[in-house]
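Residue numbers (full-length UniProt numbering): 1 to 627.
Here a beta-carbon is modelled for each residue, glycine too, at the ideal position from N, C-alpha and C.
Laid out in structure tokens, this is it:
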């Protein structure tokens with residue numbers, strides 16, 4: 001420990017003495033809190049809040065009655081469900097989803113910052129109204145630009161919904177129950193993704209696509225009003241100062257770092273736009289790097305009240321946590337994107353049934369978050385080891401998926417003629433019935449590993465969010481939470497762009513090699529060039545549509561080549577995701593288990609009878625920041 005541990009800042013002792021049972025868990029502090037005695041700021045790497053992680057874990061920051069709590073939970077859950085089904089309802093048109101994701105990801109940090117200035121009840125009402133307006137514009141669109149405009153407005157409104165859900169959890173739940181409610185939010189999100197495509201796919205032929213957007217308008221308005229009316233007027237942002245109540249609306253608006261917000265939004269939009277195109281566009285990505293540098297200069301040198309607190313920008317734990325979230329969810333999206341394609345092209349499931357392979361993995365996702373929240377995340381503090389364990393298990397599940405998907409290990413069924421394997425055919429394969437004879441244990445293993453992958457993902461997201469709350473000062477929790485959400489939003493575009501490139505290149509190589517083996521050396525009759533052109537055209541078609549494998553006019557040998565090509569491409573993609581997950585494991589390890597400690601607090605006495613605090617202080621011996 002430091003040698004000056006006997007000297008304390010009197011102001012800190014006064015703060016500690018003032019803590020009572022009524023003291024909020026998230027202290028009311030300015031967005032740029034007062035400097036410490038040594039001239040440093042809580043935004044530096046040596047900040048630590050006085051209260052500690054274990055102060056009053058059974059006391060929420062703010063209280064509401066049981067009826068209001070039920071109304072808030074139900075309304076927020078409905079908003080999350082509506083937001084999530086937007087992500088999967090129209091996956092065939094990439095820009096329909098990309099425009100929504102770009103708007104949602106780019107506006108999430110701004111939503112977190114606004115929630116620390118204004119009451120969250122105002123923000124949730126505004127976001128739900130934007131969500132409704134966006135769906136209304138989309139439902140009435142008669143041109144592609146208007147349709148995309150509606151999706152952008154919808155994504156802008158949706159950006160605040162998930163962030164505000166976590167903010168309400170921070171404010172209204174105790175630390176013992178925080179993990180459980182975070183798991184419930186994640187479960188609601190994955191439920192929307194799972195059911196959105198299924199329900200919309202079943203209704204679109206009878207109702208049309210306009211009605212499916214229009215019906216969300218009244219639902220989102222009702223849900224937003226439900227949250228707004230359920231949250232009492234006395235509800236204040238836990239991260240605003242007491243003096244904020246004296247500011248007028250104009251003064252609050254004047255305090256916002258508009259330049260920083262514009263540059264941050266531009267950085268995210270340009271980066272995601274470059275990744276979301278059919279081929280990766282380097283120019284927008286390079287421009288996003290320029291915008292990022294300008295943003296950092298603005299925050300550090302110009303902004304009086306930065307849009308992203310300097311305590312977050314300068315926190316190694318927060319930044320590495322965001323990077324780890326990006327890598328983890330990018331690897332996860334390879335499963336969400338390509339497991340149905342595998343089922344469609346390799347198993348031969350009908351398109352409507354292929355998406356059902358996501359049911360076990362999404363079920364596991366919801367259960368994973370709920371289980372760790374209920375059983376383990378029942379305190380504040382470090383979850384460093386649990387984060388690493390969940391990420392390692394996640395990588396292990398991807399490894400098994402990659403091995404099992406390989407055509408050499410899990411041979412695809414041999415399909416004769418134009419027969420199409422449906423759900424009944426899959427049951428036959430699993431039972432060893434007829435020509436398909438797919439081993440039962442391999443089918444069960446594949447479904448189980450998909451479930452395990454979702455389980456590990458849900459657990460990892462809960463653990464990492466709890467851990468980043470431990471690593472960051474309480475007055476930055478709103479922004480830290482919103483940044484985590486932003487990087488999760490990155491992952492869909494990042495995973496589809498990088499993973500899609502790996503998948504397409506591997507599939508093309510496999511198809512070319514397979515068709516070359518089928519054609520042999522040719523018969524010398526002068527038709528080789530014509531046949532080669534036909535093969536190239538067929539490869540282009542197969543690259544663009546996995547449904548052609550079993551639903552097109554392929555011969556038996558061509559179909560077998562296509563099936564094995566898709567199996568090999570999926571296997572290579574999942575194994576590449578394993579490599580990414582290993583990188584994520586090291587990045588997550590770099591976040592550390594110890595939040596930055598102020599030098600003169602390194603020797604604070606351990607709480608009597610609290611082994612968590614005892615062990616935490618032991619780790620910081622000799623005043624080192626060992627993480």
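Going by the CB atoms, is the gap between residue 566 and residue 342 shorter than 8 Å? Residue 566 sits close to residue 342, with the two beta carbons spaced by under 8 Å.
Sub-8 Å separation of residue 530 and residue 519 beta-carbons: Contact: no.
Residue 300 lies in the alpha helix (DSSP H); which residues open and close that run? From DSSP, residue 300 is part of no alpha helix (DSSP H); its letter is neither H nor E.
Could you check which residue in 356, 449, 366, 378 has the C-alpha nearest to that of residue 396? The residue with the shortest Cα to Cα distance from residue 396 is 449.
Does the distance from the C-beta atom of residue 97 to that of residue 365 stay below 8 Å? No, the Cβ-Cβ distance between residue 97 and residue 365 is not below 8 Å.
Per DSSP, what kind of secondary structure is residue 346 in: helix, strand or coil? Three-state result, residue 346: helix.
State buried or exposed for residue 470, treating a residue as buried only when at least 16 other CB atoms are found within 10 Å of its CB. Buried is the call here.
Kindly indicate which residue of 158, 551, 511 has the alpha-carbon position closest to the one of residue 534. By alpha-carbon distance to residue 534, the top candidate from 158, 551, 511 is 511.
Sequence-distant residues of the same chain with beta carbon closer than 8 Å to residue 210, five excluded per side: Closer than 8 Å at Cβ, skipping near neighbours: 139, 140.
Spatial neighbours of residue 112 within its chain, please: C-beta separation below 6 Å, excluding the five flanking residues on both sides. These residues qualify, in order along the chain: 163, 478, 479, 482.
Measure the alpha-carbon distance for residue 568 versus residue 215 and round it to whole angstroms. Rounded to the nearest angstrom, the two C-alpha atoms are 42 Å apart.
For residue 299, count the other beta carbons within 10 Å of its own beta carbon; 16 or more makes it buried, fewer makes it exposed. Which is it? Residue burial annotation: residue 299 is buried, with at least 16 other C-beta atoms found within 10 angstroms of its C-beta.
Look at residue 157 and residue 134 and say whether their C-beta atoms are less than 8 Å apart. Taking 8 Å as the cut-off, the Cβ atoms of residue 157 and residue 134 count as close.
Residues of its chain near residue 424, where Cβ-Cβ distance is below 7 Å and the 5 sequence neighbours each way are ignored: In this predicted model, residue 424 has a pLDDT of only 36, less than 50, meaning its place in the structure is not dependable enough to derive any value.
Whole angstroms are fine: how far does the CA of residue 559 sit from the CA of residue 322? Residue 322 and residue 559 have their C-alpha atoms some 43 Å from each other.
Which value, in whole angstroms, describes the spacing of the CA atoms of residue 331 and residue 574? The straight-line gap from Cα to Cα measures roughly 8 Å.
Can the beta-carbon of residue 572 be found closer than 8 Å to that of residue 327? Result no, Cβ atoms of residue 572 and residue 327 do not sit closer than 8 Å.
Buried or exposed (CB count within 10 angstroms, at least 16 for buried), residue 49: Because residue 49 carries a pLDDT of 39, less than 50, the predicted location of this residue cannot be relied on, and no value is offered for it.
Looking at the structure shown, is residue 477 part of a helix, part of a strand, or coil, going by DSSP? Taken through DSSP and simplified to helix, strand or coil, residue 477 comes out as helix.
Same chain only: Cβ atoms within 8 Å of residue 495, ignoring 5 sequence neighbours per side: Taking C-beta separations shorter than 8 Å and ignoring five residues to either side along the sequence, the partners of residue 495 in its chain run 329, 330, 331, 332, 333, 334, 337, following chain order.
Assuming residue 693 and residue 260 make a contact with CB atoms under 8 Å, what is their CB distance in whole Å? Past the boundaries of the shown model lies residue 693; the chain is included only from 1 to 627, so the question cannot be answered.
In angstroms, rounded to a whole number, what distance separates the CA positions of residue 363 and residue 253? Taking the straight line from one Cα to the other gives about 42 Å.
Would the region 499-518 and the region 218-231 be scored as touching if the rule is three or more Cβ pairs under 8 Å? Result no; under three Cβ-Cβ pairs closer than 8 Å.
Would you identify the three-state DSSP class for residue 113, choosing helix, strand or coil? Three-state result, residue 113: helix.
Please name the residue, chosen from 227, 187, 213, 186, that lies closest to residue 127 on a Cα-to-Cα basis. Considering only alpha carbons, the answer is 227.
With a threshold of 6 Å on Cβ separation, who are the neighbours of residue 159 within its own chain once the five nearest residues in sequence on each side are excluded? Closer than 6 Å at the Cβ level, and outside the excluded window around residue 159, lie 104, 107, 108, 111.
Please state the DSSP three-state secondary structure of residue 605. Legend: pLDDT at residue 605 = 41, less than 50; position of this residue unreliable, no value from coordinates given.
Counting only the same chain and skipping the five closest in sequence on each side, list residues whose C-beta sits under 6 Å from that of residue 117. These residues qualify, in order along the chain: 252.
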